[in-house]
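In our numbering, the protein residues as written are 179 to 493. Reviewing the structure listed below.
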Ligand SMILES: NC(=O)c1ccc[n+]([C@@H]2O[C@H](COP(=O)([O-])OP(=O)(O)OC[C@H]3O[C@@H](n4cnc5c(N)ncnc54)[C@H](O)[C@@H]3O)[C@@H](O)[C@H]2O)c1
């Protein structure tokens, strides 16, 4: 296996590379591709190479994707609030770069398994209580629109036999380590993570807003499962709603109090931000994941277990 991970310096890229190396002895190389240098040394294993490149440039992509490439995990993106603020940058990175990557694969080797990281943000509008894989995409943000267009491209490139591509729609990942970022959902992790570091944090949405989340470990497991999936079982549209679980800021904060006592939760403020709330509230709150579970994807148990896992990795 010769693997490329775009967005390799990002949160999921780094974690994915570690998990792939643990799981597959047949890996020859992993190229971690990113515009910025990683904050930690990701290339400690001699199978891993870090490449600084801008995937919006076709000449740079041509240097990276070669006849030897077997798998691409396309994770590079401009996250939701950032893509909303900077429309041109979102279109360039979230849309144009995906098209360039697919085109390069088509010309180099149509057998490349290409995993595109999409998002819940492709949904919006009047959603049913529970969505499933047949629910129409009606994004309410530029980020969601860019992801939705890419899903259609991924599907068509696969249908034509140009690339062995599929898209996975990630739930909001929680609890994400590190610091807040420009994702509209950033608060979902920071209302727990920052108080645990004795830092202030704000919950910008209604405390009872239903959120559809998955732990970092479960998302990585599912992304890897997608890269190994027998696609003949998909019958048609090559998009997968990765399983998640429903929670709310209230339930998450209650778990935090149960685990760590009240003082940490007193560092949380509740100042509404209508821009953030309007984006996050437009996403699905619950899903029927029967089909995905049948396909072998996995789901988290509950938020208490997610919190425990996070505490084990940070302590
Ligand atoms: N984290 C979540 O909750 C979540 C939820 C749904 C979907 N996703 C999707 O999963 C993927 C990975 O998310 P993440 O949380 O690791 O994001 P991240 O922001 O940590 O990483 C994205 C990386 O892409 C890189 N990048 C941006 N523009 C680039 C360019 N032109 N060339 C090369 N690299 C570039 C960035 O430098 C960054 O390191 C993204 O596609 C995101 O949209 C994430």
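Quick reminder that beta carbons are idealized off the backbone N, C-alpha and C, glycines included. Just so you know, these numbers come straight off a predicted model, no measurement behind them.
Smallest Cα separation from residue 486: which of 379, 374 and 289? Translated into the one-based positions of the chain shown, residue 486 becomes position 308. The option with the nearest alpha carbon to residue 486 is 374.
Local conformation of residue 376 per DSSP, three classes: Here residue 376 refers to the residue found at position 198 when the chain shown is read from its first residue. Three-state result, residue 376: coil.
Taking the C-alpha atoms as reference points, what is the distance between residue 275 and residue 396? As a working note, residue 275 is residue 97 in the chain shown. As a working note, residue 396 is residue 218 in the chain shown. Straight-line Cα distance between these residues: approximately 27 Å.
Three-state secondary structure (DSSP) of residue 179: In the chain shown, the residue the question calls residue 179 occupies position 1. Residue state, collapsed to three classes: coil.
Helix, strand or coil for residue 491 per DSSP? Residue 491 sits at position 313 when you count from the first residue of the chain shown. Helix.
Quick check: what's the CA-CA separation for residue 467 versus residue 477? In the chain shown, residue 467 corresponds to position 289, counting from 1. In the chain shown, residue 477 corresponds to position 299, counting from 1. Whole-angstrom Cα-Cα distance: 9 Å.
Meets three-Cβ-pair contact criterion under 8 Å: the stretch 192 to 207 and the stretch 263 to 270: no
Report the CB separation of residue 488 from residue 353 in whole angstroms; it is logged as a contact under 8 Å. One-based indexing of the chain shown puts residue 488 at position 310. One-based indexing of the chain shown puts residue 353 at position 175. About 4 Å separates the two Cβ atoms, so the contact holds.
Ligand 1 and residue 351: does any heavy atom of the ligand fall closer than 6 Å to the residue's C-beta? Here residue 351 corresponds to residue number 173 of the chain shown, with the count starting at 1. Yes, since a heavy atom of ligand 1 falls inside the 6 Å radius drawn around the Cβ of residue 351.
Nearer than 6 Å: is that true of the beta carbon of residue 481 relative to any heavy atom of ligand 1? In the chain shown, residue 481 corresponds to position 303, counting from 1. Outside the cutoff, so no.
Can you tell me the Cβ-Cβ gap for residue 346 and residue 418, rounded? I've got them flagged as a contact below 8 Å. Position 168 of the chain shown, counted from the first residue, corresponds to residue 346. Position 240 of the chain shown, counted from the first residue, corresponds to residue 418. Contact flag correct, Cβ pair sits at about 5 Å.
Do the CB positions of residue 390 and residue 462 come within less than 7 Å of each other? Counting from 1 along the chain shown, the entry for residue 390 is found at position 212. Counting from 1 along the chain shown, the entry for residue 462 is found at position 284. It is a contact, given that the beta carbons lie within the stated cut-off.
Considering just the uninterrupted stretch of the alpha helix (DSSP H) at residue 337, what are its terminal residues? Position 159 of the chain shown, counted from the start, is the residue given in the question as residue 337. First-last of the alpha helix (DSSP H) with residue 337: 320 to 337.
Environment of residue 279 [buried if 16+ CB atoms lie within 10 Å]: Sequence index remark: in the chain shown, residue 279 carries index 101 (1-based). Flag for residue 279 reads buried.
Indicate, with yes or no, if ligand 1 has a heavy atom lying under 6 Å from the CB of residue 232. Sequence index remark: in the chain shown, residue 232 carries index 54 (1-based). At least one heavy atom of ligand 1 is nearer than 6 Å to the Cβ of residue 232, so yes.
Does the stretch 227 to 244 come close enough to the stretch 292 to 305 that 3 or more CB-CB pairs lie under 8 Å? no
Give me, in chain order, the residues of the same chain whose beta-carbon lies closer than 8 Å to that of residue 309; leave out the 5 immediate sequence neighbours on both sides. Mapped onto the chain shown, residue 309 falls at position 131. Contacts found: 301, 419, 462, 464, 465 and 466.
DSSP has residue 461 in a bridge; who is on the other side? On the chain shown, position 283 is the one that residue 461 refers to. Answer by DSSP bridge pairing: none, since residue 461 is not bridged.
Report, in whole angstroms, the separation of the C-beta atoms of residue 208 and residue 225, which I expect to be a contact under 8 Å. As a working mapping, residue 208 is identified with position 30 in the chain shown. As a working mapping, residue 225 is identified with position 47 in the chain shown. Yes, residue 208 and residue 225 are in contact; Cβ-Cβ is about 6 Å, under 8 Å.
Figure out for me which residue from 469, 380 and 400 has the closest Cα to the Cα of residue 451. Working through the chain shown from its first residue, we reach residue 451 at position 273. Taking only the C-alpha atoms, the option nearest residue 451 is 380.
Entirely within the stretch 380 to 415 and at least 3 residues each: give me those beta strand (DSSP E) ranges in chain order. 389 to 392
Own chain partners of residue 426 with C-beta closer than 8 Å, once the 5 adjacent residues on each side are dropped: Counting from 1 along the chain shown, the entry for residue 426 is found at position 248. Only 385, 386, 387, 388 and 389 meet the Cβ criterion.
Rounded to the nearest angstrom, how far is the Cβ of residue 422 from that of residue 392, given a contact under 8 Å? Reading the chain shown from its first residue, position 244 is the one you call residue 422. Reading the chain shown from its first residue, position 214 is the one you call residue 392. The Cβ separation is near 4 Å, so the contact holds.
Answer yes or no: do residue 252 and residue 294 have a C-beta to C-beta separation smaller than 7 Å? Looking up residue 252 in the chain shown gives position 74. Looking up residue 294 in the chain shown gives position 116. Yes, they are a contact pair.
Pull up the distance between the alpha-carbon of residue 341 and that of residue 286, whole angstroms please. As a position in the chain shown, residue 341 is number 163, starting the count at 1. As a position in the chain shown, residue 286 is number 108, starting the count at 1. Approximately 10 Å, taken between the alpha carbons.
What's the gap between the Cα of residue 473 and the Cα of residue 479? For the purposes of this step, residue 473 is taken as the residue at position 295 of the chain shown. For the purposes of this step, residue 479 is taken as the residue at position 301 of the chain shown. Approximately 18 Å between the Cα atoms of the pair.
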